[in-house]
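Participant: The structure under discussion is supplied below as structure tokens; questions concerning it will follow.
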Amino acid sequence: MHRRGVGAGAIAKKKLAEVKYKERGTVLAEDQIAQMSKQLETFKTNLEEFASKHKQEIRKNSQFRVQFQEMCATIGVDPLASGKGFWSEMLGVGDFYYELGVQIIEVCLALKHRNGGLITLDELHHHVLKGRGKFAQDVSQDDLVRAIKKLKAMGNGFGMIPVGGSYLVQSVPAELNMDHTVVLQLAEDHLLKEGLAWLDSQAAGEPQYWLPALFSELLSRDITPEEASQMTP
Amino acid sequence: AKIVLLSTHRLLWRDQKNHECCICIPLSQIIFFEEQAAGIGKSAKIVIHLHPAPENKEPGPYQHSKYSYIELSFKEHGQIEFYRRLTEEMTQKRWENTPVSQPIPTGPKAGRTRAVGIVGIERKLEEKRKETDKNISEAFEDLSKLMEKAKEMVELSKSIANKIKDKQGDITEDETIRFKSYLLSMGIANPVTRETHGSGTQYHIQLAKQLGDMLQAPLEERGGMMALTEVYCLVNRARGMELLSPEDLVNACKMFESLKLPLRLRVFDSGVMVVQLQSHSEEEMIASALDNVSDKGSLTAEEFAKLLGLSVLLAKERLLLAEKMGHLCRDDSVEGLRFYPNLF
Numbered sequence: 001m002h003r004r005g006v007g008a009g010a011i012a013k014k015k016l017a018e019v020k021y022k023e024r025g026t027v028l029a030e031d032q033i034a035q036m037s038k039q040l041e042t043f044k045t046n047l048e049e050f051a052s053k054h055k056q057e058i059r060k061n062s063q064f065r066v067q068f069q070e071m072c073a074t075i076g077v078d079p080l081a082s083g084k085g086f087w088s089e090m091l092g093v094g095d096f097y098y099e100l101g102v103q104i105i106e107v108c109l110a111l112k113h114r115n116g117g118l119i120t121l122d123e124l125h126h127h128v129l130k131g132r133g134k135f136a137q138d139v140s141q142d143d144l145v146r147a148i149k150k151l152k153a154m155g156n157g158f159g160m161i162p163v164g165g166s167y168l169v170q171s172v173p174a175e176l177n178m179d180h181t182v183v184l185q186l187a188e189d190h191l192l193k194e195g196l197a198w199l200d201s202q203a204a205g206e207p208q209y210w211l212p213a214l215f216s217e218l219l220s221r222d223i224t225p226e227e228a229s230q231m232t233p
Numbered sequence: 001a002k003i004v005l006l007s008t009h010r011l012l013w014r015d016q017k018n019h020e021c022c023i024c025i026p027l028s029q030i031i032f033f034e035e036q037a038a039g040i041g042k043s044a045k046i047v048i049h050l051h052p053a054p055e056n057k058e059p060g061p062y063q064h065s066k067y068s069y070i071e072l073s074f075k076e077h078g079q080i081e082f083y084r085r086l087t088e089e090m091t092q093k094r095w096e097n098t099p100v101s102q103p104i105p106t107g108p109k110a111g112r113t114r115a116v117g118i119v120g121i122e123r124k125l126e127e128k129r130k131e132t133d134k135n136i137s138e139a140f141e142d143l144s145k146l147m148e149k150a151k152e153m154v155e156l157s158k159s160i161a162n163k164i165k166d167k168q169g170d171i172t173e174d175e176t177i178r179f180k181s182y183l184l185s186m187g188i189a190n191p192v193t194r195e196t197h198g199s200g201t202q203y204h205i206q207l208a209k210q211l212g213d214m215l216q217a218p219l220e221e222r223g224g225m226m227a228l229t230e231v232y233c234l235v236n237r238a239r240g241m242e243l244l245s246p247e248d249l250v251n252a253c254k255m256f257e258s259l260k261l262p263l264r265l266r267v268f269d270s271g272v273m274v275v276q277l278q279s280h281s282e283e284e285m286i287a288s289a290l291d292n293v294s295d296k297g298s299l300t301a302e303e304f305a306k307l308l309g310l311s312v313l314l315a316k317e318r319l320l321l322a323e324k325m326g327h328l329c330r331d332d333s334v335e336g337l338r339f340y341p342n343l344f
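Next comes the structure, spelled out in structure tokens:
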């Protein structure tokens, strides 16, 4: 008697689900989540297989990394979102970019007093490569750009301003827009105040603005020991 | 300059300019080899330990040596790749398959034969290069297939997210949490659930607790506050591997309050994000700013930073905060931003 009661209840529940099913003509969310769980396991296996064959390629070949990143972006996946993600754990892409992020922050900190927190991508690239040493994995400018994009999540004004064919990397919070006319306006008050631009009122003709970040001679100067001590928080 | 060449049978060492000058050793003579990392004033090396020379060894530059090993010194680069290739050859031991048809030549007549041998090696290098190219195209192919599968996952997750948005009651709390962790694994942004349930997953909760422990001392040392980028560097340098992504850090810090940990993530008006100790209250910071400014008459952010041993960025935020609360006022000129006690 008791069992039949339970049976009847279960049948009623099933009928209700079937009605729901027919009503919506679609699969229930909970079923889909269960399906996703299974697909995830399969995907993980596929990724492991891929990693065992091609992990080296990603490590060594910056062109391949670009391809990989672009494909991920196209399908709506961010392989660098979390260190806990499959991409990071199995392909090792995460550690590569997150470590690069650390190196970028440190270089910017060390040089901030020289350039006010604004540095060309070239100069940043130069210092990062130097810091990594002769035997480290190669790093392309595309790699730097992607690492910096991730750093933006942490506030603190990390950003990139397109200038010429390349970028200026800023590491301090400041409203900066590199439209030419706006640069001049900005230079007049904000940049001067912040130490990002210098006013040369003794220049022949009209007063001139200098942006230390763009001084090419600074490019060749290495990070001094005092500056290096600024790097480690 | 010298070049080291590796074949399936031998290790060769020859002069870059004079190709006639070349010595070699059969790979079968190698017992074991190891890398030595570069250091200050010394190049990276690969040290190769050898069996004692056999009785029938061909004559060479030396008949005997008191050493049982050789060192290859890589002045610029190449050590990583060479080590890898040597490992491959030593694992495969292909010299055991094909009998060495001719003895290693020495003497003037052998000059020509030696050149042939070297051409053979160069051909092998070319084959290897072609194979690498083939590997890359294979890798791209495999990558495309993988992306197809990933795309399916994305579509599925969108469908689920929409359902959640439409009817909240249909899935349990547990299932939502599981779903969020799936999104995290795949690197798919969660568009919908973030609003109702926050961005934290089990992983972020654990992380938040770890950070709570780890950051106590560093925060105390730095006046109770650290920029998030500083925290990022500190934590990742300590970890060494399995690093945190910037988003991982932010999402974990957002959980401090709900987990009742004594830390807080704080975003200043400027957009600067910091982690601060709960115990270091706002009032204390403002009072300290006012005291210091009054004491010195006026202060810039740089001066204040030096006084307190803070970074300029955070010193500035404190001054701005005190100003916001009406305790300080500013003198803003092209010479910089200076703060004075507010006497109004």
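Protein chains in written order, with full-length UniProt numbering: chain X, 1 to 233; chain W, 1 to 344. The beta-carbon is built from N, C-alpha and C at its ideal position, and this holds for glycine as well. These numbers were taken from a predicted model, which means no experiment stands behind them.
For S28(W) and S73(W), what's the separation of their Cα atoms in angstroms?
Facilitator: One C-alpha to the other measures close to 21 Å.
Participant: What is the DSSP secondary structure of I23(W), counted as helix, strand or coil?
Facilitator: Strand, per DSSP.
Participant: Hey, does S298(W) have any beta-carbon neighbour from chain X nearer than 7 Å?
Facilitator: No, S298(W) does not count as interfacial toward chain X.
Participant: Which residues does DSSP list as the beta-bridge partners of I48(W)?
Facilitator: Paired residue(s): F33(W), I70(W).
Participant: Can you list the residues of chain W that N61(X) reaches, using a CB-CB cut of under 8 Å?
Facilitator: I136, listed in chain order.
Participant: In whole angstroms, what separates the C-alpha of K17(W) from that of K130(X)?
Facilitator: Whole-angstrom Cα-Cα distance: 31 Å.
Participant: Between which two residues does the alpha helix (DSSP H) harbouring Q16(W) extend?
Facilitator: Element bounds for Q16(W): n/a, residue is neither H nor E.
Participant: Would M178(X) pass as an interface residue toward chain W - the criterion being a Cβ-Cβ separation below 7 Å?
Facilitator: Legend: pLDDT at M178(X) = 47, less than 50; position of this residue unreliable, value from coordinates given subsequently. Chain W contact via Cβ: absent.
Participant: Do we get a CB-CB distance below 7 Å when we pair G271(W) with the residues of chain X?
Facilitator: Yes, its Cβ sits closer than 7 Å to a Cβ of chain X.
Participant: From I171(W), T201(W), K260(W), pick the residue whose C-alpha is nearest to that of D213(W); which is it?
Facilitator: Among I171(W), T201(W), K260(W), the Cα nearest to that of D213(W) is on K260(W).
Participant: What's the C-alpha gap between H180(X) and Y167(X)?
Facilitator: Only weak support exists for where H180(X) lies, its pLDDT of 47 falling under 50; the value from the coordinates is given anyway. Those two C-alpha atoms are separated by around 15 Å.
Participant: Can you give me the C-alpha to C-alpha distance between I80(W) and E284(W), rounded to a whole angstrom?
Facilitator: C-alpha separation (whole angstroms): 55 Å.
Participant: When you compare only the Cα positions, how much space is there between E106(X) and G157(X)?
Facilitator: Going by the C-alpha atoms only, they are around 15 Å apart.
Participant: Among residues of its own chain, excluding the 5 on either side of Y340(W), which ones have a beta-carbon nearer than 8 Å to its beta-carbon?
Facilitator: Closer than 8 Å at the Cβ level, and outside the excluded window around Y340(W), lie V293, G297, S298, L328, C329, R330, D331.
Participant: From the beta carbon of I171(W), is the nearest beta carbon of chain X less than 7 Å away?
Facilitator: Answer yes: the Cβ-Cβ gap between I171(W) and chain X drops below 7 Å somewhere.
Participant: Contact defined as beta carbons within less than 8 Å: I believe L249(W) pairs with F256(W). What is the distance between those atoms, to the nearest angstrom?
Facilitator: In fact, because the Cβ distance is near 12 Å, the residues do not count as touching under 8 Å.
Participant: Express the C-alpha separation of E30(X) and F135(X) in angstroms, rounding to a whole number.
Facilitator: Distance between the alpha carbons of F135(X) and E30(X) is about 50 Å.
Participant: Please list the partners that M154(X) has in chain W, where partner means a Cβ-to-Cβ separation under 8 Å.
Facilitator: Here the neighbours are L228, T229, Y232, P246, L249, V250, M273.
Participant: On the criterion of 16 or more Cβ atoms from any shown chain inside 10 Å, does W210(X) qualify as buried, or is it exposed?
Facilitator: Exposed, by the Cβ-count rule.
Participant: With a cut-off of 7 Å, does the C-beta of V154(W) fall near any C-beta of chain X?
Facilitator: So, interface residue.
Participant: Closest to A81(X) by C-alpha separation, out of V66(X), Y97(X), Q67(X), F50(X), would be which residue?
Facilitator: Answer by Cα proximity: Y97(X).
Participant: Please look up how many angstroms separate the CB atoms of H125(X) and Q141(X), rounded, as I've assumed it's under 8 Å.
Facilitator: The Cβ separation is near 6 Å, so the contact holds.
Participant: My output table needs one value for V169(X): the three-state DSSP class, helix, strand or coil.
Facilitator: It is a strand residue.
Participant: If we ignore side chains and look at the alpha-carbon of each, how far apart do A34(X) and P246(W) end up?
Facilitator: If you take the alpha carbons of A34(X) and P246(W), they lie about 30 Å apart.
Participant: Hey, T28(X) and G101(X): beta-carbon distance below 7 Å or not?
Facilitator: Before going further, note that residue 28(X) is Leu rather than Thr in the sequence given. For L28(X) and G101(X), no; Cβs fall outside 7 Å.
Participant: Could you tell me whether the Cβ of K128(W) comes closer than 7 Å to any Cβ of chain X?
Facilitator: Answer no: the Cβ-Cβ gap between K128(W) and chain X never drops below 7 Å.
Participant: Can you check DSSP and say which residues form a bridge with T300(W)?
Facilitator: In DSSP, T300(W) forms a bridge with R338(W).
Participant: Check the Cβ-Cβ distances between V77(X) and every residue of chain W, and say whether any is below 7 Å.
Facilitator: Answer yes: the Cβ-Cβ gap between V77(X) and chain W drops below 7 Å somewhere.
Participant: Got a sec? Which residues, its chain only, sit under 7 Å from M226(W) by beta carbon, not counting five neighbours each side?
Facilitator: Contacts found: P218, L219, V274, V275.
Participant: Under 7 Å Cβ to Cβ from K124(W), same chain only, skipping five residues before and after it: list those, please.
Facilitator: Closer than 7 Å at the Cβ level, and outside the excluded window around K124(W), lie S7.
Participant: Looking at chain W, is there any beta carbon in it that lies within less than 7 Å of the beta carbon of H54(X)?
Facilitator: True, the Cβ-Cβ gap to chain W drops below 7 Å.
Participant: For R85(W), which residues of its own chain have a beta-carbon under 8 Å away from its beta-carbon, when the five flanking residues on both sides are left out?
Facilitator: Excluding sequence neighbours, R85(W) sits near L6.
Participant: In angstroms with no decimal places, state the Cα-to-Cα distance between E34(W) and V47(W).
Facilitator: Cα to Cα, the separation comes out at about 5 Å.
Participant: Can you look up K109(W) in the DSSP assignment and give me helix, strand or coil?
Facilitator: The predicted model places K109(W) with a pLDDT of 44, which falls under 50 and marks its position as unreliable; any figure quoted below should be read in that light. Reduced to three states, the DSSP call for K109(W) is coil.
Participant: By Cβ distance below 6 Å, which residues in the same chain neighbour N135(W) in space, the five residues on each side in sequence not counted?
Facilitator: Same-chain partners within the cutoff: there are none.
Participant: Please tell me whether S185(W) and F86(X) are closer than 7 Å, where the distance is taken between their beta carbons.
Facilitator: Contact flag set, yes.
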